[in-house]
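Q: First, the structure itself, so that you have it in front of you.
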Amino acid sequence: MSVSGIPVLILKEGAERTRGRDAQRSNIMAARVIAEAVRTTLGPRGMDKMLVDSLGDITITNDGATILDEVDVQHPAAKMMVEVAKAQDDEVGDGTTTAVIIAGELLRRAEELLDQRIHPTVIVSGYKKAADRAEEVLNGIAMDVRPDDRESLLKIAMTSMNSKVVAGAREHLARVAVDAILQVAEERDGRFEADRDMVNILKKQGKSLLETELVRGMVIDKEVVHPAMPKRVKGARIALVDVPLEVEKTEFDAEIRITDPSQMKMFLEEEQKILRDMVEKVRASGANVVFCQKGIDDLAQHFLAKAGIVAVRRVKKSDMEKLAKATGGRIVTNLDDLSPGVLGEAGLVEEVKIGEDKVVYVRDCKNPKAVTIVVRGGTEHVVDEAERALNDALCVVRDAVEDRKIVPGGGAAEVEVARQLRKFAESVGGREQLAIEAFADAVEVVPKTLAENSGHDPLDALVALRAKHDKGGVSYGLNIQTGKPDDMVKLGVLEPLRVKRHAIRSASEAASMILRIDDVIASKPHKEEKEKEKGGAGMPPGMGGEF
29 MSVSGIPVLI LKEGAERTRG RDAQRSNIMA ARVIAEAVRT TLGPRGMDKM LVDSLGDITI
89 TNDGATILDE VDVQHPAAKM MVEVAKAQDD EVGDGTTTAV IIAGELLRRA EELLDQRIHP
149 TVIVSGYKKA ADRAEEVLNG IAMDVRPDDR ESLLKIAMTS MNSKVVAGAR EHLARVAVDA
209 ILQVAEERDG RFEADRDMVN ILKKQGKSLL ETELVRGMVI DKEVVHPAMP KRVKGARIAL
269 VDVPLEVEKT EFDAEIRITD PSQMKMFLEE EQKILRDMVE KVRASGANVV FCQKGIDDLA
329 QHFLAKAGIV AVRRVKKSDM EKLAKATGGR IVTNLDDLSP GVLGEAGLVE EVKIGEDKVV
389 YVRDCKNPKA VTIVVRGGTE HVVDEAERAL NDALCVVRDA VEDRKIVPGG GAAEVEVARQ
449 LRKFAESVGG REQLAIEAFA DAVEVVPKTL AENSGHDPLD ALVALRAKHD KGGVSYGLNI
509 QTGKPDDMVK LGVLEPLRVK RHAIRSASEA ASMILRIDDV IASKPHKEEK EKEKGGAGMP
569 PGMGGEF
């Protein structure tokens with residue numbers, strides 16, 4: 029920038045600036061590239077991606093959130109698309125690929141409108157109205173589901189796992205996911221709430237996916253501390269202790285002056301007495317199993333073993349909280365508070381060897397509000413993908429149990445939303461009408477992509493679906509086996525309303541945010557700057573880079 033022929037230098041040398049249509053084009057292109065990257069993973073016949081990180085570790089998955097999380101994205105607009113997937117995954121647990129490809133398609137349609145000289149704020153305003161209307165349509169076509177309707181919940185879980193590597197074992201895994209969520213769900217003020225965090229997933233390589241099991245209690249990835257302790261305790265009374273069973277060391281440096289051997293003996297005996305008293309407090313409470321969040325002294329281990337008490341040390345804080353929920357016990361931070369009233373209960377506590385590792389099972393709890401799924405599989409990659417599939421299944425079942433609302437899958441919801449949006453666009457009129465119609469076209473990317481990934485003609489599939497919906501077939505989506513419209517409710521392809529609603533809302537917001545950017549000012553990378561300073565070259569600070 030120059031004033032009266034004198035250049036005014038504002039940005040540092042090396043800073044880049046992109047303005048107007050160039051900035052918009054660059055951002056839209058970056059976001060669309062991200063959407064294209066995950067597009068082929070959508071649906072039961074979607075393909076997988078192999079991701080190799082800088083250390084050579086391999087991840088094989090078709091989970092949109094995992095793919096985008098693993099890929100090291102540089103472009104700022106592309107990073108915003110990664111955030112869409114992350115937000116979708118954190119909030120509802122599934123539908124990440126759907127959200128990203130809808131956002132990418134919204135931007136592609138918006139670019140066509142920009143070429144027709146429609147202002148970005150008009151497009152953003154139209155998209156906002158369309159997203160609000162889409163939400164109303166989804167609420168209108170949603171069907172009720174009862175939390176005790178296991179059949180429907182199983183269908184929802186299987187739909188979410190249909191596209192995964194582990195689809196062959198989906199019935200078994202879906203049953204495990206539904207049982208887990210129904211076990212931890214609690215009714216509050218007439219509404220069900222299910223905390224996904226109360227379902228612990230423990231991955232152990234070996235055996236087959238069909239041997240993945242739900243433990244109505246906890247599995248702690250630790251072993252019993254002393255070999256002389258019992259390896260199996262029936263009718264367990266469990267003490268949960270957040271205090272070290274060790275002689276405390278002083279906070280400050282302290283010296284103990286010992287002048288003859290008898291004093292040394294007295295000192296050691298006193299330490300022994302302190303540890304014996306600690307163990308006696310545990311024994312007196314009636315506990316026969318101890319889970320300790322801190323350390324357990326070797327001598328304390330010996331006394332516990334003599335008393336026939338099983339002990340596990342350095343248990344994670346999160347696992348301690350889940351143990352409390354599973355066994356009905358209370359975590360104590362002072363051994364004096366140990367009493368029969370604060371102990372948890374379990375039918376069986378046992379140490380089990382799985383492959384190379386030993387773990388401690390806490391089974392048969394009365395009404396556990398925390399459970400564990402032990403995931404098995406032939407290879408590390410299968411176990412990892414099974415965990416991701418189970419996580420999605422757990423989240424969609426939770427969404428359905430909490431909201432009690434589901435919609436037909438297979439692109440049925442999107443085709444209906446698009447149909448209603450086109451009617452709505454006519455009532456709005458003006459240039460916003462074009463934006464709303466573009467939104468309707470963009471939402472139809474889901475059934476189109478399903479058809480593409482299944483090897484069918486996307487145009488034929490879309491025309492047939494629109495015809496069915498015009499005749500009132502709201503629940504008709506794409507049957508990927510035949511490429512023809514079919515009733516998704518009869519086929520059991522169901523999804524939670526929350527997943528669809530959030531996908532459309534977050535895609536719309538991300539596209540709108542990217543469209544409103546007309547100027548990108550990028551600073552010079554920090555590393556290069558340091559290297560230049562070392563070389564002694566360059567201009568004084570604050571100089572360079574015309575604005």
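Numbering (the numbering used here), first residue to last: 29 to 575. Every residue, glycine too, gets a C-beta built ideally from N, C-alpha and C.
1. Is there contact here, the region 82–100 with the region 495–503, by at least three beta-carbon pairs under 8 Å?
2. So what does DSSP say about Arg384, is it helix, strand or coil?
3. Here's the rule: buried if 16 or more other CB atoms are within 10 angstroms of the residue's CB, otherwise exposed. What is Thr124?
4. Helix, strand or coil, according to DSSP, for Glu460 in the structure here?
5. Between which two residues does the beta strand (DSSP E) carrying Asn507 extend?
6. First and last residue of the alpha helix (DSSP H) that includes Asp117?
7. My assumption, with CB atoms under 8 Å, is that Ile56 sits in contact with Ile542. Please give the rounded CB distance.
8. Reducing DSSP to helix, strand and coil, say where Arg404 ends up.
9. Please classify Arg67: does DSSP put it in a helix, a strand, or coil?
10. Closest to Glu215 by C-alpha separation, out of Ala446, Asp431, Ala538, would be which residue?
11. Which residue or residues does DSSP assign as beta-bridge partners of Phe220?
12. If we count Cβ pairs, one from each stretch, closer than 8 Å, do we get three or more for the region 511–528 versus the region 434–445?
13. Could you check whether Pro175 and Phe220 sit closer than 9 Å to each other, using their CB atoms as the reference points?
14. Tell me, which residues are paired with Phe319 by DSSP?
15. Taking all protein chains shown into account, do 16 or more other C-beta atoms lie within 10 angstroms of the C-beta of Val491, making it buried, or fewer, making it exposed?
16. Quickly, what does DSSP pair Val261 with across the bridge? List them, please.
17. Suppose you measure from the CA of Pro255 to the CA of Glu379; what does that come to, to the nearest Å?
18. Using the C-alpha atoms, what's the distance from Ser551 back to Pro569?
19. For a minimum of 3 consecutive residues, which ranges assigned as the beta strand (DSSP E) are wholly contained in the region 290–335?
20. Does the Cβ-Cβ distance between Val206 and Leu181 come in under 9 Å?
21. Name the two residues that bound the continuous beta strand (DSSP E) containing Ala197.
22. Between the C-alpha atoms of Leu363 and Arg342, what's the straight-line distance to the nearest angstrom?
A: In brief:
1. Here the region 82–100 makes no contact with the region 495–503; the two share fewer than three CB pairs at distances below 8 Å.
2. Note on residue identity: the sequence assigns Glu, not Arg, to residue 384. DSSP places Glu384 in the coil class of the three-state scheme, outside both helix and strand.
3. Residue environment analysis places Thr124 among the buried positions, since at least 16 neighbouring C-beta atoms fall within 10 angstroms of its C-beta.
4. Helix, per DSSP.
5. Residues 504–507.
6. Asp117 -> alpha helix (DSSP H) spans 104–119.
7. The Cβ separation is near 7 Å, so the contact holds.
8. In this structure, Arg404 counts as strand in the three-state DSSP scheme.
9. It is helical.
10. Of all alpha-carbon atoms in Ala446, Asp431, Ala538, the one lying nearest the alpha-carbon of Glu215 is that of Asp431.
11. BP columns for Phe220 point to Glu215.
12. The region 511–528, when compared against the region 434–445, does touch it at the 8 Å Cβ threshold.
13. Yes, these two residues count as a Cβ contact at 9 Å.
14. Assignment of beta-bridge partners to Phe319 by DSSP yields Leu268, Val340.
15. Flag for Val491 reads exposed.
16. In the DSSP output, where bridge partners are listed per residue, Val261 has Val377.
17. Computed Cα separation, rounded: 11 Å.
18. Note that Pro569 has pLDDT 43, beneath the 50 cutoff, so the model's placement of it is unreliable and the number below is only indicative. Between Pro569 and Ser551, the C-alpha separation is close to 14 Å.
19. Qualifying beta strand (DSSP E) stretches, in chain order: 317–320.
20. At the C-beta level, Val206 and Leu181 come within 9 Å of one another.
21. DSSP places Ala197 in no beta strand (DSSP E); its state is neither H nor E.
22. Looking at the two C-alpha atoms, the distance is approximately 17 Å.
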